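Engineer: Note that my numbering numbers the sequence shown so that position 36 is 43, with each residue one more than the last.
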Amino acid sequence: MRAGVGRWGRRLVVAAVLVVLGAGALLAEAVPEGIPRVIASLLTLAAFGLGAASVAVITVRWRTSVRFDGESLVVRDPLGARVVPVTDRDILGRGLDSALTPTYWLFDGERRAVPISPDLDPVRLEGLAYSLGIPIVDIDDAPGFRRL
Numbered sequence: 008m009r010a011g012v013g014r015w016g017r018r019l020v021v022a023a024v025l026v027v028l029g030a031g032a033l034l035a036e037a038v039p040e041g042i043p044r045v046i047a048s049l050l051t052l053a054a055f056g057l058g059a060a061s062v063a064v065i066t067v068r069w070r071t072s073v074r075f076d077g078e079s080l081v082v083r084d085p086l087g088a089r090v091v092p093v094t095d096r097d098i099l100g101r102g103l104d105s106a107l108t109p110t111y112w113l114f115d116g117e118r119r120a121v122p123i124s125p126d127l128d129p130v131r132l133e134g135l136a137y138s139l140g141i142p143i144v145d146i147d148d149a150p151g152f153r154r155l
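Put into C-alpha cells, the structure is as follows:
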C-alpha cells in the first residue's frame, strides 16, 4: 500500500499545461516584445518550478508505504524502512495529535514500535491491519494523542 499523489498530481498537470502554453506562445512570438514577453517568460519559468517541485513531492510520497511480506510488516518512509515481525501482541493504535490530525502507530504489546506516515490512506491501512488480524485500538491516554 503506497501513499497517493494527492493534490500534487493536479498541480503537476496544471504546471505542465502552463509550461506548454507559455513556451508555445513564446516560440510562436504571440507575446509582444518588451515587458509582456519578460512577464510571460517569468510565468513559464515559475510554472516549470512548480512542476519540478510537484515531481519531487510525488516521488517522496511514493516512497512511503506499508506492506506485508509474509512474516513481517515493512513500513517505508522517505528516510528508510523499518521491518516489524508480526506477532500476536501487535496493535495498530490510532489517535489525534495536537493539530487534530489522525496519527497511527504500530505497537508491539505496550511499546510503540513504528510511527505510520499520515500520507497513507487510513481506510486502506486499517483494512490491511484487519486482514492480518492486528487489532486497532483508540489511544486516549498516550502522550501527544487525543481520543478519536
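Yeah, the Cβ is synthetic: ideal placement off N, Cα and C, and Gly gets one too.
Since we're looking at a predicted model, the values are computed, not measured.
Report the rounded CA-to-CA distance for residue 81 versus residue 142, giving the unit in angstroms.
Structural biologist: Those two C-alpha atoms are separated by around 17 Å.
Engineer: By how many angstroms is the C-alpha of residue 107 removed from the C-alpha of residue 153?
Structural biologist: Its pLDDT being 48, under 50, residue 153 is placed unreliably by the model, and the measurement read from it follows with that caveat. Taking the straight line from one Cα to the other gives about 8 Å.
Engineer: Is it the case that the Cβ atoms of residue 65 and residue 112 are separated by a distance below 8 Å?
Structural biologist: Cβ distance not < 8 Å, so residue 65 and residue 112 don't count as in contact.
Engineer: Using beta-carbon positions only, say whether residue 97 and residue 84 come within less than 8 Å of one another.
Structural biologist: Not closer than 8 Å, so no.
Engineer: May I ask which residues mark the beginning and end of the beta strand (DSSP E) holding residue 56?
Structural biologist: Residue 56 -> not in any beta strand (DSSP E); alpha helix (DSSP H) instead, spanning 42-69.
Engineer: Going by DSSP, name the residue or residues bridged to residue 28.
Structural biologist: Partner(s): none; residue 28 has no beta bridge.
Engineer: Are the beta-carbon atoms of residue 13 and residue 70 separated by less than 8 Å?
Structural biologist: No, Cβ-Cβ distance for residue 13 and residue 70 is not below 8 Å.
Engineer: For the stretch 95-143, list the beta strand (DSSP E) runs that are entirely contained and at least 3 residues long, ordered along the chain.
Structural biologist: 97-103, 109-115 and 118-123, all fully within the stretch 95-143.
Engineer: Out of curiosity, what's the CA-to-CA distance linking residue 122 and residue 9?
Structural biologist: Cα to Cα, the separation comes out at about 15 Å.
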